Structures are given as C-alpha cells and as structure tokens.
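Peer 1:
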Amino acid sequence: MDLESIPGVGEKTARALSELDDPERALRAGDVATIATAPGISQGRAARIARGAIRAEHDDPGGFLATDRAREIYREVLSLLKARTVTDYAAQRVETFYPSPRRSRIEEVQSFAGEALEREVDPDALEALAGVEPLQDPGDVRVRERCLATTDAERYSEAREAIPELSVEVVEDAQGLAELARGYSTVIALDESFAGVTIEGDVQVRPDALENPAEIVPERPLAFFARNRERIRAAIDVHRATDRSGGEYDETDLTALEDGLARLDEDGTVAGDDELDRLTTAVDDLDAAASTAESVANDRLREAIREEDVTIEGSDLLSLVERGAGVDSLLSRELADEYAEAVETARENLIDALDLDPGEAEIARRAFGDEPTFPVERDEDAIGRLREELTAAKERRAGRLKRELAADLADQRETARRLVRDALELDVELAIARFADDFACTMPEFVWDESADAAETGFAIDGGQSPLLDEPLEAIDPVDYEVSGVALLSGVNSGGKTSTLDLVACVVVLAHMGLPVPADDARLRRFDDLHYHAKTQGTLDAGAFESTVREFADLARGGEGSLVLVDELESITEPGASAKIIAGILEALEENDATAVFVSHLADEIREMADYDVTVDGIEAVGLVDGELEVNRSPVKDHLARSTPELIVEKLATEADETAANGGTEGVHEPQFYDRLLEKFD
Numbered sequence: 274m275d276l277e278s279i280p281g282v283g284e285k286t287a288r289a290l291s292e293l294d295d296p297e298r299a300l301r302a303g304d305v306a307t308i309a310t311a312p313g314i315s316q317g318r319a320a321r322i323a324r325g326a327i328r329a330e331h332d333d334p335g336g337f338l339a340t341d342r343a344r345e346i347y348r349e350v351l352s353l354l355k356a357r358t359v360t361d362y363a364a365q366r367v368e369t370f371y372p373s374p375r376r377s378r379i380e381e382v383q384s385f386a387g388e389a390l391e392r393e394v395d396p397d398a399l400e401a402l403a404g405v406e407p408l409q410d411p412g413d414v415r416v417r418e419r420c421l422a423t424t425d426a427e428r429y430s431e432a433r434e435a436i437p438e439l440s441v442e443v444v445e446d447a448q449g450l451a452e453l454a455r456g457y458s459t460v461i462a463l464d465e466s467f468a469g470v471t472i473e474g475d476v477q478v479r480p481d482a483l484e485n486p487a488e489i490v491p492e493r494p495l496a497f498f499a500r501n502r503e504r505i506r507a508a509i510d511v512h513r514a515t516d517r518s519g520g521e522y523d524e525t526d527l528t529a530l531e532d533g534l535a536r537l538d539e540d541g542t543v544a545g546d547d548e549l550d551r552l553t554t555a556v557d558d559l560d561a562a563a564s565t566a567e568s569v570a571n572d573r574l575r576e577a578i579r580e581e582d583v584t585i586e587g588s589d590l591l592s593l594v595e596r597g598a599g600v601d602s603l604l605s606r607e608l609a610d611e612y613a614e615a616v617e618t619a620r621e622n623l624i625d626a627l628d629l630d631p632g633e634a635e636i637a638r639r640a641f642g643d644e645p646t647f648p649v650e651r652d653e654d655a656i657g658r659l660r661e662e663l664t665a666a667k668e669r670r671a672g673r674l675k676r677e678l679a680a681d682l683a684d685q686r687e688t689a690r691r692l693v694r695d696a697l698e699l700d701v702e703l704a705i706a707r708f709a710d711d712f713a714c715t716m717p718e719f720v721w722d723e724s725a726d727a728a729e730t731g732f733a734i735d736g737g738q739s740p741l742l743d744e745p746l747e748a749i750d751p752v753d754y755e756v757s758g759v760a761l762l763s764g765v766n767s768g769g770k771t772s773t774l775d776l777v778a779c780v781v782v783l784a785h786m787g788l789p790v791p792a793d794d795a796r797l798r799r800f801d802d803l804h805y806h807a808k809t810q811g812t813l814d815a816g817a818f819e820s821t822v823r824e825f826a827d828l829a830r831g832g833e834g835s836l837v838l839v840d841e842l843e844s845i846t847e848p849g850a851s852a853k854i855i856a857g858i859l860e861a862l863e864e865n866d867a868t869a870v871f872v873s874h875l876a877d878e879i880r881e882m883a884d885y886d887v888t889v890d891g892i893e894a895v896g897l898v899d900g901e902l903e904v905n906r907s908p909v910k911d912h913l914a915r916s917t918p919e920l921i922v923e924k925l926a927t928e929a930d931e932t933a934a935n936g937g938t939e940g941v942h943e944p945q946f947y948d949r950l951l952e953k954f955d
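Here the sequence shown is numbered in our numbering, starting from 274 and rising by one per residue.
#1: For a quick check, are the C-beta atoms of C982 and V350 less than 9 Å apart?
#2: Would you call the CB atoms of L913 and V359 closer than 9 Å?
#3: Closer than 8 Å by C-beta to P486: which residues in its own chain qualify, once you throw out the five before and the five after it? Chain order, please.
#4: DSSP on S757, reduced to helix/strand/coil?
#5: If you follow the alpha helix (DSSP H) that C714 is in, where does it begin and where does it stop?
#6: T771: beta carbon under 8 Å from a heavy atom of the ligand FMN?
#7: Excluding the 5 residues preceding and the 5 following Y885 in the sequence, name in chain order all residues of the same chain whose CB lies nearer than 7 Å to its CB.
#8: Quick one: grab the DSSP three-state call for A706.
#9: Report the residue from R428, L746, S564 and V443 whose alpha carbon sits nearest the alpha carbon of E484.
#10: Can you pull the DSSP bridge partners for D890?
#11: Comparing alpha-carbon positions, which option in H804, F719 and R673 lies nearest R796?
#12: Less than 8 Å between C-beta atoms, sequence neighbours within five positions excluded: which residues of the same chain meet that for V782?
#13: Where R651 and T664 are concerned, what is the direct C-alpha to C-alpha distance, given to the nearest angstrom?
#14: Could you tell me the alpha carbon to alpha carbon distance between R479 and A389, rounded to whole angstroms?
#15: Please give the ranges of any beta strand (DSSP E) in the region 851 to 893, keeping only runs that are unbroken, at least 3 residues long and fully inside the region.
#16: Tell me whether the region 500 to 513 and the region 531 to 549 touch, counting them as touching only if at least three CB pairs, one residue from each stretch, are closer than 8 Å.
#17: Tell me which same chain residues have a C-beta within less than 7 Å of the C-beta of L274, skipping the five on either side of it?
#18: Rounded C-beta distance between A309 and L293? I'm assuming under 8 Å.
#19: Please classify L746 as buried or exposed, where buried requires at least 16 neighbouring CB atoms within 10 angstroms.
#20: What do you reckon, are the CB atoms on L463 and T423 nearer than 9 Å?
#21: I'd like the list of long-range same chain contacts for E330, defined as Cβ closer than 7 Å, with 5 residues on each side in sequence excluded.
#22: Can you say whether K675 is buried or exposed, counting buried as having 16 or more other CB atoms within 10 angstroms of its CB?
#23: I need the straight-line Cα distance from S835 to D801, nearest angstrom please.
#24: So is S873 buried or exposed if we call it buried at 16+ other beta carbons inside 10 Å?
#25: Leaving out the 5 sequence neighbours to the left and right, which residues in its chain are closer than 6 Å to T888 when beta-carbon positions are compared?
#26: Would you please state the rounded distance, in angstroms, between the beta carbons of L627 and L549? I believe it to be under 8 Å.
#27: Taking the C-alpha atoms as reference points, what is the distance between D722 and P411?
#28: Between the alpha carbons of I656 and A640, how many angstroms are there, rounded?
#29: Counting only the same chain and skipping the five closest in sequence on each side, list residues whose C-beta sits under 6 Å from that of V839.
#30: Inspect the beta-carbon positions of S757 and G731 and report whether they are closer than 9 Å.
#31: When we look at the beta-carbon of V543 and count the other beta-carbons within 10 Å, is it buried (16 or more) or exposed?
#32: Provide the residue span of the beta strand (DSSP E) that contains A795, from first to last.
#33: Which residues in the same chain have their Cβ closer than 6 Å to the Cβ of Q365, if we skip the five residues on either side of it in sequence?
#34: Under three-state DSSP, which class holds V744?
#35: Looking at C-alpha atoms only, which residue of E841, A386 and V790 is the closest neighbour of K808?
#36: Per DSSP, what kind of secondary structure is Q477 in: helix, strand or coil?
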C-alpha cells in the first residue's frame, strides 16, 4: 500500500506511519490504537487516516452523504453508536464506519457486524472494559548503573540504536574497560577480543548482546508491562467475562501472565520477593538503624556510669567523663565490662533492626569497636562497607530477579498486545450489539443485481422505528414503507412525514455502513449517494433559490443511483411556482431511474402539473380524538392523505348532523355550511 496515496496522508505522516511494525495491517483493519502509536498522530487523526485508507482500499470515491441533512443524520446515528462504547478507543474506532456505495466495503462491515450481533452483552465485561486502554510503549527507560563498551565505531552506532536505554562507551583497550568498571556497576563488552581478560569489577563479555536486548536490559520489557499492567489485567478480565478466548488464549498462559504481572511493581521493579525486600529495607534504613544503635549503647553506658560504685560519686564521675577527663582509662579500669555489654547491645540492635544475615552481621559488628570510649560512636568506614555490601547484594538480587521475570514476560508481549487489541475490538462489537438491541435492529438485505431496474429495487422497510425520535422505543409506532422510483408523500401536519424521511435516511445510512438497521425487515438497492433536503425555514431569496434549482439540475442529470429525500420543497418560493418546479424535478428524476421521496402539501397540484402519473402516498389521519390527531404512521400506497383542516371540517359537519337529527334547533343551517366546505376538498 502506497501510504501517500491515502487521502489526508502526506510525506511527513507517511514517514510516521512507516515506523509501525505492520502499517498496512493496521490501516486495513482500521486499528486506530496501533495507528495512534505512530509519532505525532492522535487517536482522532488516526481514525481519519484509517477511514481514508479504507476508502482507498475499496476504491471508494466518497461523497455518499451529499447534503448537510444527510451528514447530520450520519452524525446523529454515529453518536448513538459512540454512546454505547465504553473505551475512548472504541468511540474513535466507530468513526471508521461510514456509508459507502462499494459492495466490498459494505460486505466487509456486515461480516464484522454479523459477529457482533451474536455477542451477549455481559455487565461484567462492560465493567472490565472500563479499565482497558491501548497499550503504551514507554520511551523513557534509562539505566545508569550499566553500560556497553566497544572498540569499534560502527559497533558503537549499532549499539546505540539497538539498546538506547544504556550508555555506550568507546574504549581502546582493557585499561579503558577497567576504568569504566570503576564508574559502573556492570560493564558489558561487545567485542570478543576482551574474552579471557581479567578485570576487577562486574565486566561481562557479550558479543551477542545486541541480538538479545531483553537479557541485557530486562528493564525494557519490565517497563512495558509495568506501564500497562492494569490495562492488561483488565483485558484478561474482559476475555474471561465473555469467554472471548475461544481456545485462542490458553488459560494456563493467562494465569502465567497474571502471575508475572503480580510480581511487578508500578515502577518496573520486581515485587513480592522477601529477600529483595529485606535488602532494600536494610539499605534504606541503615543510617537510621546505626544512629539508634549508637543511642542505645550510650544510654546503656550512661546508666551504668550513674550506678557505678567507685571512689567518687557516680554523678561526679559522669560529669568528668562527659567533659572528656580520662575517658579511656576510667572506662577501662572501672567500666570495662559495662562498656563491652553496651557495645554488644548496640551491635545486636543494629543486626536485628536490619535483619542481617551472618555474613552481613559480621561486617555490622565492626561498626562499634572494642576500645572503650564515651560517647560511643559508630565507625563510618565500617558502616560504609556494610552499605556497599548490602547495595551490591540488593543489585545482584534485583538484577537476577529482573532477568528471570523479563524472560518470563518477554515471550508474552505479543499475547498481551493481542489480548488488549481484541478487548478493544470487543468494545466496538458490543456497541453494535447494544445499539441493535436498544433499537430492535436487523441486518438489511441488499439487492446487488446492478442490472435490476431501479423502479423495482428502491427500498422497503417493515416495522421501522426511527432511533432519532426522543421517545422510548415502545412509544414509537412502527412504520412500513416501500418506494420504487419516485413518490410524493402527503399527510396531515404532525402526522410523521418528516420522521418517516428521517427513518428512511437512517436505514439507508446504516445499511450502507454495513450495520444493522432499526426495522423488523429492510430491503434496498445499493445507492451511490444520499441527497436529503430538510425543510427550509421561510421563502428563499433569489440567489438562494437559484442555487437550489441548480443543485437539482445537477442531480437530475446524473441521479440514477441516487436516493433523494426532500421535505416540503414548496417552502422555497410561492406555492403556485413550487408545484411547477417540483413537478419538473420529479419528471427528470423519473427519467433517470432515481429513487426519491418528496414530502409535500401540494401533492394534488404537483400531480396535475407532471407529465406522467406521479405516485402519491399518504400518511393518513384516521380521526380526531379529544382534539388530537389519530394517525396511521405507515404511509398508504397510492393514496392522497386528507389534510388536518378537512378532518376538522368533517368532524364539525358530523356533529352538526347529529344535533339536527336529535331535534336541535340552534345552528340548524350549519350542516349545509360544513357540507359546502367539505365539497371543496373533493
């Protein structure tokens, strides 16, 4: 796929997309999450790029939504779908669904939607989806206690590109390597020529290091899993809640992945290892523990001095000692045993506080010397050596655990990616399933025979209920409507003519998106575009009127594959002129085998003006009940619906006849008046 051939993708964006592992797969699948990982591309832009790529893939010219009202219908339908998503990803992914005239694209989405309709919407799955987001690749991992070393400039460049987390140093010989070892905890030599060279410090000769980066920098996979830990856990919960695995993900693998994540802290360090925790705590608490031990020794010795029975009062002796008068000799002569006990107490306190092992305890004991002195002070050199020993042991332990955990998780990275990607796609499927359930939708049937007469294949909707009405589904009257060719739709005010056009537009838009439609059954031809002209508020000025007529002229010239929906076009100018103009437009559309529905109150006048037998359908009001119209919402074929004024006059005439029949005298001439008015409607 030529990336720059995608609408909206220039040279810079194409370069960013080319950095993806498999850009063609992501673009063809509409994988917004993956596309959005390309440098500088947001999720919103990723959705637009995906939509452009899909159009290019199916040779879709675009422009199906040919008018503002058609585009409004699409956005309203899309918002209903997006409202049923849980994740931001799914909301953006839904944006890749658009009405297309291409059979290949329609059938592609129909296949996806068909699987979606088989999904059961599990509340546990929806709850788990709330924690799923596209995975992030941490790009800020830096390891400062380790470095790579090489004598080769070309190898240096390769190393910097392959393992950017570590510093890469150029050395000339073993002496340079030794100098590095004094500044880094671990030095990894990339040149085989260093094999066999003995250097003090942790120096490893690994010519294969660049081929095995996870072994050299276990922080890389660990950072990835740490950053995405909760997202992966949520994805696992989603798959378990929906039994999404279907054999693709073995439960043993999922459990192993969960166990690996449980051993990982948010900062990428290994969690749950008692020995590492002990060493980490010991390093962190060393200074405080040494100070406490020092205080314990001094408190013990001070108490011994106070209580000591010598030739001078203990309080006087204490005063002398604290002024430094003959400390060593006094302690050695009078308090040798007490000093030894105080120091031993300090040593044991330090060892116990840090939970040191025997080897570490031996170093810790040197922190307090045997030579009497007051106050007792720790040996900073010994404390420093203990700190070095503990730190080295901690780093060795952490390094080994990191390598082990990284090895366990590294092979699961692709599984984790698929788990999350599938969970996000499941959210899209569930949104379609929820939409279909909320609006009682079904998959429509297309008439794909391109040679079929358009007059035989317009659209047929059974039990349609518009999702755009601000009413609960059970309060919406189902509508049956079928149109082949060009038809006028008549009916009473507030009878549902505009709602019927909206329903037709929704069905056609959703069907061409490849999605289920809000009806018990729907059958339609494949349309090239949808022209929906909403009702104009007020008469247009001359310029706007001219523009509108030009638009219909273009449509009439090439509208064979078009669906045209027009709501009361007569409002654009005077009623007499409107009837003539609409009649002329209908004639042109009929000649071009277009499919069209024109809502009009001038149906009778238009029919008289047209030079062919115009089909007139009617949304019939069956009467007035308590001043409210009672309407049959399904248009009646080949029937000019009566107007609201006619119904009201008929009601008045009936009431007048009943009054006269019952012997009433008041208003006795009224029946003749109403009858005269009714005759005018014939």
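From the three backbone atoms N, C-alpha and C, an ideal C-beta is built for every residue, glycine too. All of these numbers come straight from a predicted model, not from anything done at the bench.
Peer 2: On the basis of the coordinates in this document:
#1: Since the first and last residues shown for the chain are 274 and 955, residue 982 lies out of range.
#2: Taking the first residue of the sequence shown as 1, we reach residue 913 at position 640. Taking the first residue of the sequence shown as 1, we reach residue 359 at position 86. Contact flag unset, no.
#3: For the purposes of this step, residue 486 is identified with residue 213 of the sequence shown, where counting begins at 1. Excluding residues within five positions, the ones whose Cβ falls inside 8 Å are A435, I436 and R493.
#4: Within the sequence shown, residue 757 is the residue found at index 484, counting from 1. Of the three classes helix, strand and coil, the one that applies to S757 here is coil, per DSSP.
#5: Sequence index remark: in the sequence shown, residue 714 carries index 441 (1-based). First-last for C714: undefined, no H or E at that position.
#6: You won't find the ligand FMN in this model; it holds no ligand whatsoever.
#7: Here residue 885 refers to the residue found at position 612 when the sequence shown is read from its first residue. Taken in chain order, the residues that qualify are E860 and E863.
#8: As a working note, residue 706 is residue 433 in the sequence shown. In this structure, A706 counts as helix in the three-state DSSP scheme.
#9: Looking up residue 484 in the sequence shown gives position 211. Cα-wise, what sits closest to E484 is R428.
#10: The sequence position of residue 890 within the sequence shown is 617, counting from 1. DSSP lists L762 as partners of D890.
#11: Against the sequence shown, residue 796 aligns to sequence position 523. For the residues H804, F719 and R673, the minimum Cα distance to R796 belongs to F719.
#12: Position 509 of the sequence shown, counting from 1, holds the residue named residue 782. Here the set comprises L338, A343, I346, Y347, V350, P372 and L803.
#13: Along the sequence shown, one-based indexing puts residue 651 at 378. Along the sequence shown, one-based indexing puts residue 664 at 391. Near 19 Å, if we compare the C-alpha coordinates of T664 and R651.
#14: Looking up residue 479 in the sequence shown gives position 206. Looking up residue 389 in the sequence shown gives position 116. R479 and A389: Cα-Cα distance of roughly 51 Å.
#15: 868 to 872 and 888 to 892
#16: yes
#17: Residue mapping note: residue 274 aligns to position 1 of the sequence shown, counting from 1. The amino acid at residue 274 is misidentified as Leu; the sequence shows Met. Around M274: E297 and L300.
#18: On the sequence shown, residue 309 is found 36 positions in, with the first residue counted as 1. On the sequence shown, residue 293 is found 20 positions in, with the first residue counted as 1. Rounded, the Cβ-Cβ distance is 10 Å, inconsistent with contact.
#19: Reading the sequence shown from its first residue, position 473 is the one you call residue 746. Exposed.
#20: Counting from one through the sequence shown, the residue named residue 463 turns up at place 190. Counting from one through the sequence shown, the residue named residue 423 turns up at place 150. Yes, Cβ-Cβ distance for L463 and T423 is below 9 Å.
#21: Working through the sequence shown from its first residue, we reach residue 330 at position 57. Taken in chain order, the residues that qualify are R301.
#22: Taking the sequence shown and counting its residues from 1, the one referred to as residue 675 is at position 402. With 16 or more Cβ atoms within 10 Å of its Cβ, K675 is classed as buried.
#23: The residue given as residue 835 occupies position 562 in the sequence shown. The residue given as residue 801 occupies position 528 in the sequence shown. Roughly 5 Å between the two C-alpha positions.
#24: Mapped onto the sequence shown, residue 873 falls at position 600. S873 comes out buried.
#25: Numbered from 1 along the sequence shown, position 615 holds the residue referred to as residue 888. If we look at T888 and ignore the five residues flanking it on each side, its Cβ neighbours are A760.
#26: Here residue 627 refers to the residue found at position 354 of the sequence shown. Here residue 549 refers to the residue found at position 276 of the sequence shown. Contact doesn't hold; Cβ gap of about 14 Å is too wide.
#27: By 1-based counting over the sequence shown, the position of residue 722 is 449. By 1-based counting over the sequence shown, the position of residue 411 is 138. Whole-angstrom Cα-Cα distance: 52 Å.
#28: Here residue 656 is taken as the residue at index 383 of the sequence shown, counted from 1. Here residue 640 is taken as the residue at index 367 of the sequence shown, counted from 1. About 6 Å.
#29: Along the sequence shown, read from residue 1 onward, the residue named residue 839 stands at position 566. Here the set comprises H806 and F871.
#30: Locating residue 757 in the sequence shown gives position 484, where the first residue counts as 1. Locating residue 731 in the sequence shown gives position 458, where the first residue counts as 1. Yes.
#31: Stepping through the sequence shown from its first residue, residue 543 is reached at position 270. Burial call: buried.
#32: In the sequence shown, counting from the first residue as 1, residue 795 sits at position 522. Start and end: D794 to R798.
#33: Locating residue 365 in the sequence shown gives position 92, where the first residue counts as 1. Result list for Q365: V305, Q316 and A320, in chain order.
#34: Here residue 744 refers to the residue found at position 471 of the sequence shown. Per the sequence shown, the amino acid found at residue 744 is Glu instead of Val. In this structure, E744 counts as coil in the three-state DSSP scheme.
#35: Here residue 808 is taken as the residue at index 535 of the sequence shown, counted from 1. For the residues E841, A386 and V790, the minimum Cα distance to K808 belongs to E841.
#36: Start at 1 with the first residue of the sequence shown, and residue 477 comes out as number 204. DSSP places Q477 in strand when its eight states are reduced to three.
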